[in-house]
Amino acid sequence: MSTNYFSREEVAKHNNSESIWIIIKSYVYDVTDYLNEHPGGAELIKECAGKDATSDFNNFGHSSDASNLMKLYKIGKIKVGIAYFIFYVVYNLQFTLSFLP
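Following our numbering, the numbering of the sequence shown begins with 599 at its first residue and continues without gaps.
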């Protein structure tokens with residue numbers, strides 16, 4: 599199975615109740631059918647519609663069950679430009695280094 603790649607602009611178009619896509623950790627999810635199932639309510643997902651929801655997802659402290667459930671809604675990966683790639687690498691390096699003694 600080949601991976602579908604989407605630009606951030608493509609994801610941003612899916613920002614209403616008819617079609618809600620979000621980005622979490624560079625993966626794209628179509629969560630439209632999950633709106634009414636979300637334990638925190640549909641509004642929380644709607645606030646992230648068409649956007650990168652990584653920090654929201656991580657900050658809420660979702661369980662491993664929630665992470666596994668997301669696999670059902672994964673539709674592809676985000677296309678990453680060089681500027682974003684550099685930012686992502688530096689950000690993650692800083693995060694990793696913060697745990698070193």
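Even glycine gets a Cβ: it sits at the ideal position worked out from N, Cα and C.
Rounded C-alpha distance that separates residue i from residue j
i: isoleucine 643; j: leucine 695; result: 31 Å
i: serine 662; j: lysine 672; result: 16 Å
i: proline 637; j: serine 665; result: 14 Å
i: serine 605; j: alanine 640; result: 24 Å
i: asparagine 613; j: glycine 648; result: 5 Å
i: aspartate 628; j: leucine 691; result: 29 Å
i: aspartate 654; j: phenylalanine 683; result: 20 Å
i: valine 626; j: serine 600; result: 14 Å
i: glutamate 645; j: serine 617; result: 13 Å
i: serine 615; j: phenylalanine 685; result: 31 Å
i: lysine 611; j: phenylalanine 697; result: 37 Å
i: tyrosine 689; j: glutamate 607; result: 22 Å
Residues of its chain near residue i, where Cβ-Cβ distance is below 7 Å and the 5 sequence neighbours each way are ignored
i: alanine 651; result: Ile620, Ile621 and Ile622
i: leucine 667; result: none
Assigned exposure category for residue i - 16 Cβ within 10 Å defines buried
i: isoleucine 680; result: exposed
i: valine 687; result: exposed
Neighbourhood of residue i by C-beta, 6 Å cutoff - its chain only, sequence neighbours within 5 removed
i: lysine 677; result: Tyr603 and Ser605
Cβ separation of residue i and residue j, assumed to be a contact under 8 Å, to the nearest whole Å
i: serine 624; j: lysine 669; result: At roughly 15 Å, the Cβ-Cβ gap does not stay under 8 Å, so serine 624 and lysine 669 are not in contact.
Close Cβ partners of residue i (< 8 Å) along its chain, the five nearest in sequence each way excluded
i: valine 609; result: Trp619, Ile620, Ile621, Val626, Gly648, Lys649 and Ile676
contact_flag[the region 653-660, the region 627-636] where n(CB pairs < 8 Å) is 3 or more: No, the region 653-660 is not in contact with the region 627-636.
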